[in-house]
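For the sequence shown, position 56 (counting from the first letter as 1) is numbered 196 according to our numbering, and the numbering increases by one without interruption. Just so you know, even glycine gets a beta-carbon here, dropped at the ideal spot from N, CA and C. All figures in this text were calculated on a predicted structure; none of them were measured in a lab.
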Amino acid sequence: MCAEIRRDKILLEEGGKFRALAKVGDTIEIQDETETTVMTLESHASRHADGGADPLPNYSISESMLQTGSVTVNKFAVHLGELGPIPDTATEYSFPYTLPSAPKQAIVTPTTTGVMGYVQVNSLMTTGISLVANVSGVKALVTVLL
Numbered sequence: 141m142c143a144e145i146r147r148d149k150i151l152l153e154e155g156g157k158f159r160a161l162a163k164v165g166d167t168i169e170i171q172d173e174t175e176t177t178v179m180t181l182e183s184h185a186s187r188h189a190d191g192g193a194d195p196l197p198n199y200s201i202s203e204s205m206l207q208t209g210s211v212t213v214n215k216f217a218v219h220l221g222e223l224g225p226i227p228d229t230a231t232e233y234s235f236p237y238t239l240p241s242a243p244k245q246a247i248v249t250p251t252t253t254g255v256m257g258y259v260q261v262n263s264l265m266t267t268g269i270s271l272v273a274n275v276s277g278v279k280a281l282v283t284v285l286l
């Protein structure tokens with residue numbers, strides 16, 4: 141590969157092996173040193189997200205995120221959706237994965253599908269949240285933030 145400035149391509153070299161990220165039409169391609177397409181950046185990300193090499197579980201990467209470079213792999217919230225009916229005794233609800241540190245805040249919003257009442261956060265853990273309702277049967281939308 142020759143040393144030149146190109147607006148459609150980023151050239152990378154590691155250990156004498158060259159790769160390029162190239163904008164071709166509306167896609168970003170990973171190319172080898174002969175400018176042959178190895179795969180698109182989206183298919184490369186899908187391979188990781190779908191459990192291939194170096195899987196990225198629980199992450200969603202859209203094509204627009206790839207094209208703008210705004211791919212983020214840090215989890216900062218767990219949305220549990222609607223929980224309940226929540227009893228009037230402390231009950232633990234598990235997260236789908238263990239958080240890297242203790243959560244700092246939970247947003248708990250009672251819904252109209254259950255008994256009218258309120259829900260309190262009893263405790264926050266890396267593995268789940270403990271909730272208690274003022275009256276059994278309250279349902280709530282729950283999101284936990286790091």
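- Quick one: what does DSSP say E232 is sitting in, helix, strand or coil? Here residue 232 corresponds to residue number 92 of the sequence shown, with the count starting at 1. Note: E232 maps to strand in three-state DSSP.
- Cβ-Cβ separation, T229 to L281 (assumed contact under 8 Å), whole Å: Locating residue 281 in the sequence shown gives position 141, counting from the first residue. Locating residue 229 in the sequence shown gives position 89, counting from the first residue. Incorrect: roughly 21 Å between the Cβ atoms, too far for contact.
- Message: With distance defined between alpha-carbon atoms, name the residue in I247, N274, V259 and T231 nearest to A217.
- Response: Residue mapping note: residue 217 aligns to position 77 of the sequence shown, counting from 1. Comparing Cα-Cα distances from A217 to each of I247, N274, V259 and T231, the minimum goes to I247.
- Apply the 10 Å Cβ neighbour rule to G155 and answer buried if 16 or more other Cβ atoms are within range, or exposed otherwise. As a working note, residue 155 is residue 15 in the sequence shown. So G155 counts as exposed.
- Message: By the DSSP assignment, the beta strand (DSSP E) with L271 in it spans what residues?
- Response: In the sequence shown, the residue the question calls residue 271 occupies position 131. Its beta strand (DSSP E) spans residues G268 to A273.
- Would T267 pass as a contact of T238 if the rule is Cβ separation under 8 Å? For this step, residue 267 is matched to residue 127 along the sequence shown. For this step, residue 238 is matched to residue 98 along the sequence shown. Yes, the pair counts as a contact, with Cβ atoms nearer than the cut-off.
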